[in-house]
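Chains as they are written, first to last, in this note's numbering: chain A, 461 to 598; chain B, 461 to 598.
Protein chains: 2
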Amino acid sequence: MCTVNFSASTTHALRATAWLAAHPGEDAVLGRDLARKLKIPPDYLSKVLATLARNGVLRAVRGAKGGYRLARAPERIKLAEVVTPFEGKRARTGCLLHPDRPCRDSGACSAHASWGGVSQAYRDFLDRTTVADIRDHP
Amino acid sequence: MCTVNFSASTTHALRATAWLAAHPGEDAVLGRDLARKLKIPPDYLSKVLATLARNGVLRAVRGAKGGYRLARAPERIKLAEVVTPFEGKRARTGCLLHPDRPCRDSGACSAHASWGGVSQAYRDFLDRTTVADIRDHP
DNA sequence: GTGATACTGGATATGTATATCCAGAATAGA
DNA sequence: TCTATTCTGGATATACATATCCAGTATCAC
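#1: Give a yes or no on whether 8 angstroms exceeds the smallest Cβ distance from N515 of chain A to chain B.
#2: Just checking, does the segment 568-580 of chain B make contact with the segment 518-525 of chain B on the three C-beta pairs under 8 angstroms criterion?
#3: For G485 of chain A, count neighbouring C-beta atoms within 10 Å of its own C-beta (all shown protein chains included) and say buried if the count is 16 or more, exposed if not.
#4: Is it buried or exposed for D503 of chain A, if we count other Cβ within 10 angstroms and need 16 for buried?
#5: What does G577 of chain A touch in chain B if you count any residue whose Cβ is under 9 angstroms from its own?
#6: Measure the alpha-carbon distance for E541 of chain B versus V508 of chain A and round it to whole angstroms.
#7: If you draw a straight line from the alpha carbon of E547 of chain A to that of T470 of chain A, how long is it in whole angstroms?
#8: Just to confirm, is the Cβ distance from V543 of chain B to A531 of chain B under 8 angstroms?
#9: Could one say the Cβ of T463 of chain A lies closer than 8 angstroms to chain B's Cβ atoms, at least one of them?
#10: Taking the Cβ atom as the reference point for each residue, do A478 of chain B and I594 of chain A lie within a distance shorter than 8 angstroms?
#11: Please tell me whether L505 of chain A and H483 of chain A are closer than 8 angstroms, where the distance is taken between their beta carbons.
#12: How would you list, in chain order, the residues of chain B whose beta-carbon sits under 9 angstroms from the beta-carbon of A510 of chain A?
#13: Can you find a C-beta in chain A that's less than 8 angstroms from the C-beta of H597 of chain B?
#14: Quick one, which residues of the segment 465-490 of chain B are near chain A if we go by CB-CB under 7 angstroms, in chain order?
#15: Check the Cβ of C569 of chain A against every Cβ in chain B and list those closer than 9 angstroms, keeping chain order.
#16: Determine the DSSP secondary structure at G523 of chain A, reduced to helix, strand or coil.
#17: Applying the 10 Å Cβ sphere with the 16-neighbour rule, what's the burial state of Y528 of chain B?
#18: Return the bridge partner residues of K538 of chain B from the DSSP annotation.
#19: Can you give me the C-alpha to C-alpha distance between I537 of chain A and T590 of chain A, rounded to a whole angstrom?
#20: With a threshold of 16 other CB atoms inside 10 Å of the CB of F562 of chain B, please say whether the residue is buried or exposed.
#21: Should R475 of chain A be labelled buried (16 or more other beta-carbon atoms within 10 Å of its own) or exposed?
#22: I'd like to confirm the pairing. Which residues does DSSP put opposite L518 of chain A in its beta bridges?
#23: Quick one: residues in its chain with C-beta nearer than 7 angstroms to the C-beta of L490 of chain A, no 5 flanking neighbours on either side, listed in chain order?
#24: Taking buried to mean at least 16 other C-beta atoms within 10 Å of its own C-beta, is P559 of chain B buried or exposed?
#25: Spatial neighbours of A481 of chain A within its chain, please: C-beta separation below 7 angstroms, excluding the five flanking residues on both sides.
#26: Do you know how far the Cα of R564 of chain A is from the Cα of D587 of chain B?
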């Protein structure tokens, strides 16, 4: 798959939640408005937003005066919650050479520790950063 | 795309080079033997090995007594050389929310530094670890 | 209730990664 | 040179991520 960056769906999800956190207000935000602001294909973003709503990150309201808003205060939404629904099957946090197997410390190669450090830094980032932390991104 | 792990092609490449480093010898190793040892589809692995040969990581010899061997001593082959040919287009080491843009420190969000740390740890790993370091992986 | 609105979900299209098959080219050995 | 052998490259197939379209359903305002 890849280096340390995210799929298009995951990036859309991060940008949408960051934008909602940066623009608080009493009204819900329309999916198509969000798509226009973020320059994301509206029909594709709608799928992403629906997934976030199903997973409790957003609250979706249908009908007139409807739209999306964050389910909680942005300080209380970890990036892990935003990312996980889209990284599901790929999230194999296993060994470097055997992503399907759990990592065992015993009998490891000499790169085991340094690779584990990279992997751990990534998980810590998702677990300690909240949507409020990415709110002010340009 | 993904969490901190690699595509199937990249993982195959890492495992193949690690195996070659772990089994030094005067003879070249046949592609189909490598595939059998590593339990990788032979026809797919052959494409991966050809790419590694094109990029100077392996030396390929055709015909009788042919096969593959490492182009240099495993201590002198960085993992970055093995990984880069397969991560080419994905290797966008940009911002968290804008992978296409270079990361600017000015005007960054509060998560900028911690994300940059994760990204840097990943690049350092690929640049400082060699094939010799993953040779003894089970 | 009625109608307008906006999210939801299914069907479909495209691109890329993964995987397979096979003919062709290059090499070693006789 | 001839032949067996092995890598190389093109064509093709499958799965999944990305992207689009549209009918259905839930909600608000009147």
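Glycine residues also receive a C-beta, built at the ideal position from the N, C-alpha and C atoms.
These numbers were taken from a predicted model, which means no experiment stands behind them.
Put simply:
#1: Taking the first sequence and counting its residues from 1, the one referred to as residue 515 of chain A is at position 55. With 8 angstroms as the cut-off, N515 of chain A does not count as an interface residue toward chain B.
#2: no
#3: Translated into positions along the first sequence, residue 485 of chain A becomes position 25. Classification of G485 of chain A: exposed, given that the 10 Å Cβ count is below 16.
#4: Within the first sequence, the letter at position 43 stands for residue 503 of chain A. Result: exposed.
#5: Counting from 1 along the first sequence, the entry for residue 577 of chain A is found at position 117. Simply A581 and F585.
#6: Within the second sequence, residue 541 of chain B is the residue found at index 81, counting from 1. Within the first sequence, residue 508 of chain A is the residue found at index 48, counting from 1. The straight-line gap from Cα to Cα measures roughly 35 angstroms.
#7: The residue labelled residue 547 of chain A in the question sits at position 87 within the first sequence. The residue labelled residue 470 of chain A in the question sits at position 10 within the first sequence. About 8 angstroms.
#8: Sequence index remark: in the second sequence, residue 543 of chain B carries index 83 (1-based). Sequence index remark: in the second sequence, residue 531 of chain B carries index 71 (1-based). Contact: no.
#9: Along the first sequence, one-based indexing puts residue 463 of chain A at 3. For T463 of chain A, the pLDDT reaches just 49, beneath the cut-off of 50, and the residue's location in the model is therefore unreliable, although a value from the coordinates is still provided. Yes, its Cβ sits closer than 8 angstroms to a Cβ of chain B.
#10: If you number the second sequence from 1, residue 478 of chain B lands on position 18. If you number the first sequence from 1, residue 594 of chain A lands on position 134. The answer is no: Cβ separation not under 8 angstroms.
#11: Working through the first sequence from its first residue, we reach residue 505 of chain A at position 45. Working through the first sequence from its first residue, we reach residue 483 of chain A at position 23. No, the pair does not count as a contact, with Cβ atoms beyond the cut-off.
#12: As a position in the first sequence, residue 510 of chain A is number 50, starting the count at 1. Residues of chain B passing the Cβ test: none, with the nearest at roughly 20 angstroms.
#13: Against the second sequence, residue 597 of chain B aligns to sequence position 137. Chain A, which has a Cβ nearer than 8 angstroms to the Cβ of H597 of chain B, makes this yes.
#14: Listed in sequence order: N465, F466, S467, T471, L474, R475 and A478.
#15: Along the first sequence, read from residue 1 onward, the residue named residue 569 of chain A stands at position 109. Simply A478, D593, I594, R595, D596, H597 and P598.
#16: Walking along the first sequence from the start, residue 523 of chain A turns up at place 63. Note: G523 of chain A maps to coil in three-state DSSP.
#17: Within the second sequence, the letter at position 68 stands for residue 528 of chain B. Y528 of chain B is buried by the Cβ-count criterion.
#18: Counting from one through the second sequence, the residue named residue 538 of chain B turns up at place 78. Partner residues in the beta bridge of K538 of chain B, as assigned by DSSP, are B:T590.
#19: What you label residue 537 of chain A is simply residue 77 of the first sequence in a count that begins at 1. What you label residue 590 of chain A is simply residue 130 of the first sequence in a count that begins at 1. About 5 angstroms.
#20: Counting from 1 along the second sequence, the entry for residue 562 of chain B is found at position 102. Per the sequence presented here, residue 562 of chain B reads as Pro, with Phe not at that position. So P562 of chain B counts as exposed.
#21: Your numbering for residue 475 of chain A matches position 15 in the first sequence. Buried, since its Cβ has 16 or more Cβ neighbours within 10 Å.
#22: For the purposes of this step, residue 518 of chain A is identified with residue 58 of the first sequence, where counting begins at 1. Its beta-bridge partners are A:L530.
#23: Translated into the one-based positions of the first sequence, residue 490 of chain A becomes position 30. Cβ within range, chain order: G527.
#24: Within the second sequence, the letter at position 99 stands for residue 559 of chain B. It counts as buried.
#25: Within the first sequence, numbered from 1, the residue matching residue 481 of chain A stands at position 21. These residues qualify, in order along the chain: L530, P534, V591, A592 and R595.
#26: Numbered from its first residue, the second sequence carries residue 587 of chain B at position 127. Numbered from its first residue, the first sequence carries residue 564 of chain A at position 104. For D587 of chain B and R564 of chain A, the distance between alpha carbons rounds to 24 angstroms.
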